[in-house]
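Numbering (the numbering used here), first residue to last: 177 to 434. Cβ atoms here follow ideal geometry from the backbone N, Cα and C, with glycine treated the same way. Note that the structure is predicted; figures quoted are calculated from it, not measured. Remarks on the structure that follows.
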Ligand SMILES: [Zn+2]
């Protein structure tokens, strides 16, 4: 079985002491590729260094995380532009809206999201969306651009069944991670109605570890635990989940298995 972690922050300091071992152990669990969403200029170098450890398996994105949108966000957006000029990238993000941690910069978050949408359309890359407490609002912003070929992933999808149906209808994918294993998250019921052809797997490491590691450091090697839960929810074999979600991930990132 081959899996892909479509959203993992393997470059953060939580992995400074054992990054290589963690990646090797994930590979041992069947993980074939790892997609690294950007946060901001403070993590760019660590992201590049991590890519260099396994250049055939690790792929980068260009973007500014909504939680890093502050007074200086225009400078940060310039940094993203210069990154795109100098490096290969497979996606735009993560971007989006976060109304959970801090709503001081909502206006700026929206402006930043619009810039990312323009980049995604221009470069024909998938848009990786972070939508904490903001699924509805993000759908409303993104929807008018679908006709221009915009597609991507609602990473860590946490909306309602209605939201999920609308995201699928827009041709976007639902990024499903550890939350689906959480008791009472309700996500399992929402996802049980969604065809696997619209779903990709992600860990969002080091955050949101699946049960039985909930609350601990997450890692890409836990993807099979998420896939197993998805198999139960969707009433299919684990192999089927691996096959379909891997193919979805390759399609969205325009990648192939080497
Ligand atoms: Zn993330």
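How would you call residue i, buried or exposed, if buried means at least 16 neighbouring beta carbons within 10 angstroms?
i: residue 250; result: exposed
i: residue 399; result: buried
i: residue 391; result: exposed
i: residue 226; result: buried
i: residue 324; result: exposed
i: residue 394; result: buried
i: residue 218; result: exposed
Short check: CB of residue i to CB of residue j, under 8 angstroms?
i: residue 328; j: residue 305; result: yes
i: residue 336; j: residue 366; result: yes
i: residue 361; j: residue 379; result: no
i: residue 347; j: residue 183; result: no
i: residue 214; j: residue 237; result: yes
i: residue 271; j: residue 231; result: no
i: residue 239; j: residue 256; result: yes
i: residue 296; j: residue 289; result: no
i: residue 266; j: residue 229; result: no
i: residue 293; j: residue 326; result: yes
i: residue 402; j: residue 386; result: yes
i: residue 208; j: residue 414; result: no
i: residue 373; j: residue 420; result: yes
i: residue 320; j: residue 190; result: no
i: residue 308; j: residue 275; result: yes
DSSP on residue i, reduced to helix/strand/coil?
i: residue 416; result: helix
i: residue 376; result: strand
i: residue 271; result: strand
i: residue 223; result: helix
i: residue 188; result: coil
i: residue 211; result: strand
i: residue 421; result: helix
i: residue 263; result: coil
i: residue 296; result: helix
i: residue 314; result: helix
Roughly how far, in whole angstroms, is the beta-carbon of residue i from the beta-carbon of residue j, given that I think they are within contact range, below 8 angstroms?
i: residue 283; j: residue 356; result: That belief does not hold up - the Cβ atoms of residue 283 and residue 356 are roughly 32 angstroms apart, past 8 angstroms.
i: residue 206; j: residue 179; result: 5 angstroms
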